[in-house]
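Residue numbers (the numbering used here): 41 to 380.
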Amino acid sequence: MTDVTIPEGGFWPAPEVPQPNIYPMEWRVETAKLAAIYEKSKRMVWNPADLPWDLLDPAAFTREQRLGIMYWFSVLANFDASGPAVFARATIQAFEKHEEDPVRKCFFSITRDEMNHEECCQRSISRLWPGGPLGWEPSTDLEHAAHNNIGWLYHNGGRYWTGYNAAVGKYSLAVLFTSFMMGEMAASTLFRGMASATGHPLFSEMFHKIGRDESRHLQICMTILENEWPGLTDDVRSLITRQLRAGFVFLSMILWEPPEGFWELPPYFLHNHRVLMDRARDAGLGVLSYDEQAENWRIAMARVRVIVERWGIEFPAIPELDIEGVAVDVIDPEDIIPVF
Ligand SMILES: [Fe+2]
Ligand SMILES: [Fe+2]
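Printed below as a string of structure tokens:
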């Protein structure tokens, strides 16, 4: 005699859950390496609030230098601060599509890390330029230029988000993650370069820590792609070639300078951007020179190229950096899915 009720004729099977749906719950592990990276990510967590913020003294900079640093972090925020929302959405989608458990957990950990990177932008800006990026009244010409450029940047960030939302449900993990991989390659390259170039102890520690997170994100992307790439069809391969060009066009805004093809910017934007970047550079933030940035970006692209060519994916032409490859002309906002 048991306590449970067994109906005559046996239990009634529960209806099947219509898919995609996060139910039924299960915790399948297929890629032990991803599970190990997730464990590592939990042990490496750091708190942006614990960085030595008292070393960042606004009085140690001229007003224009503070403006330059605020401007750089506002540009960075166009990328790094979209990370939490981008990966939160990717995490939900991974649940709905019943990706294995470590894939979902790794997406979650990237969401967590990106929230920290966003917090670094937020804290740096609020310490040096209260009200930044946009909630302040400019008074000089340079300040008006910065405020206006940031408005234009965020106009494009908004286009990216609309495109990403339309794209994220359409693409397979292979396509999505090649774009993410490129973003992480860009991010780890950027922060490694700036961590060694900055003369400021706070920024040095911040960039080292962010750079370490970005390298882990790159590792996550590579591990997922090793599972996904073997099944590629030629159609998907050529889609990935386009996405790589889209990634270059989008990410160049923070790695180097924006090329033609996606960015909607007024004609004076680039000149004023350069002036503001110069202020951030003389403040000792660690912004590399135009040529150093180009060289770093070229090296990062060469790494991506070696990785994708192994899987028969052609690399796009990047004439801006004298990189030869397949010509890709028009970039649609829905092609732009990389993220830091
Ligand atoms: Fe990242
Ligand atoms: Fe990031």
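Just so you know, even glycine gets a beta-carbon here, dropped at the ideal spot from N, CA and C. Quick caveat: nothing in here was measured; it's all calculated off a predicted structure.
Inter-residue spacing [alpha-carbon to alpha-carbon] between residue i and residue j
| i | j | result |
| --- | --- | --- |
| residue 144 | residue 74 | 10 Å |
| residue 223 | residue 178 | 32 Å |
| residue 371 | residue 355 | 15 Å |
| residue 62 | residue 141 | 12 Å |
| residue 289 | residue 225 | 14 Å |
| residue 81 | residue 109 | 29 Å |
| residue 348 | residue 99 | 47 Å |
| residue 250 | residue 353 | 29 Å |
| residue 338 | residue 344 | 10 Å |
| residue 254 | residue 342 | 18 Å |
| residue 197 | residue 119 | 8 Å |
| residue 199 | residue 205 | 10 Å |
| residue 6 | residue 176 | This structure cannot settle anything about residue 6, because the visible part of the chain is limited to 41 through 380. |
| residue 53 | residue 47 | 12 Å |
| residue 265 | residue 126 | 19 Å |
| residue 359 | residue 309 | 22 Å |
| residue 244 | residue 96 | 12 Å |
| residue 84 | residue 169 | 30 Å |
| residue 50 | residue 64 | 22 Å |
| residue 71 | residue 212 | 18 Å |
| residue 351 | residue 258 | 17 Å |
| residue 157 | residue 272 | 33 Å |
| residue 88 | residue 152 | 12 Å |
| residue 220 | residue 93 | 31 Å |
| residue 147 | residue 43 | 42 Å |
| residue 124 | residue 274 | 32 Å |
| residue 194 | residue 60 | 32 Å |
| residue 314 | residue 362 | 22 Å |
| residue 282 | residue 218 | 11 Å |
| residue 263 | residue 292 | 25 Å |
| residue 240 | residue 325 | 7 Å |
| residue 149 | residue 132 | 13 Å |
| residue 433 | residue 230 | Look at the range of the chain in this structure, 41 to 380, and you will see that residue 433 is not part of it. |
| residue 312 | residue 203 | 27 Å |
| residue 138 | residue 303 | 35 Å |
| residue 102 | residue 112 | 15 Å |
| residue 209 | residue 58 | 17 Å |
| residue 215 | residue 181 | 43 Å |
| residue 357 | residue 55 | 51 Å |
| residue 8 | residue 166 | No answer is possible for residue 8: the residues shown for the chain start at 41 and end at 380. |
| residue 279 | residue 285 | 10 Å |
| residue 77 | residue 86 | 16 Å |
Residue i: first and last residue of the uninterrupted alpha helix (DSSP H) it sits in
| i | result |
| --- | --- |
| residue 259 | 241 to 268 |
| residue 80 | 72 to 83 |
| residue 145 | 141 to 168 |
| residue 106 | 103 to 120 |
| residue 30 | The first residue shown for the chain is 41 and the last is 380, placing residue 30 beyond what the model contains. |
| residue 131 | 123 to 136 |
Residue i CB to nearest heavy atom of ligand 3 below 6 Å
| i | result |
| --- | --- |
| residue 227 | Within the structure as shown, ligand 3 is missing, the only ligands being ligand 1 and ligand 2. |
Practice problem: Just list the alpha helix (DSSP H) runs in the stretch 300 to 375, keeping only unbroken ones of 4 residues or longer that don't cross its boundaries, in chain order. | Solution: For the stretch 300 to 375, whole alpha helix (DSSP H) runs of length 4 or above, ordered along the chain, are 309 to 322 and 330 to 349.
Quiz prompt | Uninterrupted alpha helix (DSSP H) stretches inside the stretch 202 to 247 (no shorter than 4 residues) | solution = DSSP runs (the alpha helix (DSSP H)) wholly in the stretch 202 to 247: 213 to 237.
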